[in-house]
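Chemist: A single structure is presented below for examination.
Numbering (our numbering), first residue to last: 5 to 281.
Below, the structure is given as structure tokens:
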């Protein structure tokens with residue numbers, strides 16, 4: 005049985021660090037010896053660009069290609085879409101055509117299962133699959149939540165970012181009820197934190213008061229840093245661009261939290277199935 009854990013990085017609000025978190029967490033887990041596949045599930049293809057693939061028009065197979073194949077009832081070979089970058093991370097890239105694919109998917113049979121079918125052969129090959137979701141609750145995001153084991157929610161340390169979590173949590177609850185009963189909320193990750201102000205503590209208190217009984221807030225806080233934005237134009241993660249930065253250090257700590265949570269969940273599931281003594 006595969007031990008692959010599939011994580012959706014989701015928040016319907018843009019600009020909260022989803023793509024940076026997907027790439028940085030993926031590299032940090034790869035640095036810890038895990039084999040990691042990241043999936044760009046956003047038509048803007050920011051993750052694809054961030055990882056150094058600047059001309060997505062010349063990428064022959066993307067997530068859109070795979071899902072269109074599912075819609076057409078063709079045999080899907082997801083490994084044909086997988087690229088490997090210089091930092092040891094594997095990628096299923098995106099393309100702007102994914103926006104059209106999302107519309108086409110709305111009329112397809114078993115439309116919520118497209119991504120699950122595309123990835124089913126891949127799960128045995130990876131320790132982690134991390135999906136960078138678009139800043140919307142569309143059919144592609146629903147697919148990501150359907151295939152995922154858990155959701156990590158990056159939240160920028162701003163008031164409106166925190167109070168907007170309710171809609172996302174309700175969407176997650178609906179997917180859990182109707183499509184994926186095993187879906188869990190891994191936790192909330194505070195991003196772009198400026199520790200010179202009191203705002204991050206205020207935001208954390210708001211999240212704890214509003215949602216603390218149903219979601220975990222990770223101990224790690226990702227600091228704001230100009231070098232993170234600079235790294236995106238170079239096609240490098242923060243680890244390759246500035247491995248001694250506070251952001252790289254924070255994402256390493258965050259990866260440790262994710263690994264510990266995964267091990268706890270694995271052991272708990274094994275005990276429930278009588279596989280562990």
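Each residue gets a CB set at the ideal place from its N, CA and C atoms; glycine is no exception.
Look up residue 154 in the DSSP assignment and give the residues it is bridged to.
Modeler: 11 and 188
Chemist: Who pairs with residue 44 in a beta bridge, going by DSSP?
Modeler: Beta-bridge pairing links residue 44 to 136.
Chemist: At 4 residues or longer, and completely inside the segment 27–100: list those alpha helix (DSSP H) runs for me, N to C.
Modeler: Counting whole runs of 4 or more residues, the segment 27–100 contains the alpha helix (DSSP H) stretches 50–54 and 67–75.
Chemist: Measuring alpha carbon to alpha carbon, tell me which residue in 231, 272 and 193 is nearest residue 22.
Modeler: 193
Chemist: Look up residue 4 in the DSSP assignment and say whether it is helix, strand or coil.
Modeler: For residue 4 there is no data in the structure shown, the boundaries of the chain being 5 and 281.
Chemist: Would you kindly work out how many angstroms separate the C-alpha atoms of residue 16 and residue 274, rounded to a whole number?
Modeler: 33 Å
Chemist: Closest to residue 228 by C-alpha separation, out of 278, 63, 255 and 116, would be which residue?
Modeler: 255
Chemist: Under the rule that 16 or more other beta-carbon atoms within 10 Å means buried, what is residue 206, buried or exposed?
Modeler: exposed
Chemist: Does DSSP put residue 195 in a helix, in a strand, or in coil?
Modeler: strand
Chemist: Alpha carbon to alpha carbon, what distance is there between residue 150 and residue 268?
Modeler: 22 Å
Chemist: With distances taken from CA atoms, which of 121, 19 and 70 is nearest residue 96?
Modeler: Per the Cα distances, 70.
Chemist: Express the C-alpha separation of residue 143 and residue 116 in angstroms, rounding to a whole number.
Modeler: 7 Å
Chemist: Should residue 235 be labelled buried (16 or more other beta-carbon atoms within 10 Å of its own) or exposed?
Modeler: By the Cβ neighbour-count rule, residue 235 is buried, with 16 or more other Cβ atoms within 10 Å of its own.
Chemist: Would you list the one or two residues that DSSP bridges to residue 16?
Modeler: Beta-bridge analysis with DSSP links residue 16 to no other residue.
Chemist: Out of curiosity, what's the CA-to-CA distance linking residue 172 and residue 84?
Modeler: 32 Å
Chemist: Here's a check: name, in chain order, each residue in its chain whose Cβ is nearer than 6 Å to the Cβ of residue 90, leaving out the five neighbours to either side.
Modeler: none
Chemist: Helix, strand or coil, according to DSSP, for residue 160 in the structure here?
Modeler: strand
Chemist: Throw me the rounded Cβ distance for the residue 160 and residue 30 pair, which I believe falls under 8 Å.
Modeler: That belief does not hold up - the Cβ atoms of residue 160 and residue 30 are roughly 20 Å apart, past 8 Å.
Chemist: Please list, in chain order, all residues of the same chain as residue 34 whose beta carbon is under 6 Å from its beta carbon, the five residues on each side excluded.
Modeler: 40, 92 and 93.
Chemist: If we ignore side chains and look at the alpha-carbon of each, how far apart do residue 62 and residue 102 end up?
Modeler: Between residue 62 and residue 102, the alpha-carbon positions lie close to 15 Å from each other.
Chemist: For the candidate residues 49, 114, 82 and 100, whose alpha-carbon lies nearest to that of residue 75?
Modeler: Taking only the C-alpha atoms, the option nearest residue 75 is 114.
Chemist: Rounded C-beta distance between residue 212 and residue 188? I'm assuming under 8 Å.
Modeler: Their Cβ separation, rounded to whole angstroms, is 19 Å, which puts residue 212 and residue 188 out of contact at 8 Å.
Chemist: Once the 5 residues before and after residue 222 are set aside, which same chain residues still bring their CB inside 6 Å of it?
Modeler: 191, 193 and 261
Chemist: Could you spell out the range, first to last residue, of the alpha helix (DSSP H) harbouring residue 221?
Modeler: Element bounds for residue 221: not the alpha helix (DSSP H) but the beta strand (DSSP E), 221–227.
Chemist: Would you say residue 99 and residue 49 are within 8 Å of each other, going by their C-beta atoms?
Modeler: yes
Chemist: Which value, in whole angstroms, describes the spacing of the CA atoms of residue 242 and residue 248?
Modeler: Cα-Cα distance, rounded: 9 Å.
Chemist: Taking residue 118 as the reference, which of 87, 72 and 9 has the closest Cα?
Modeler: Minimum Cα distance to residue 118 is reached at 72.
Chemist: Considering only residues of the same chain and omitting the five flanking positions on each side of residue 5, which have a CB-CB separation below 7 Å?
Modeler: Any reading at residue 5 needs caution, since the residue's pLDDT is 42, under 50, leaving its predicted position unreliable; the model's value is listed next. Once the five neighbours on either side are set aside, residue 5 has no close Cβ partner at all.
Chemist: With respect to the alpha helix (DSSP H) encompassing residue 110, which residues constitute its N-terminal and C-terminal limits?
Modeler: For residue 110, no alpha helix (DSSP H) encloses it, and the DSSP letter there is neither H nor E.
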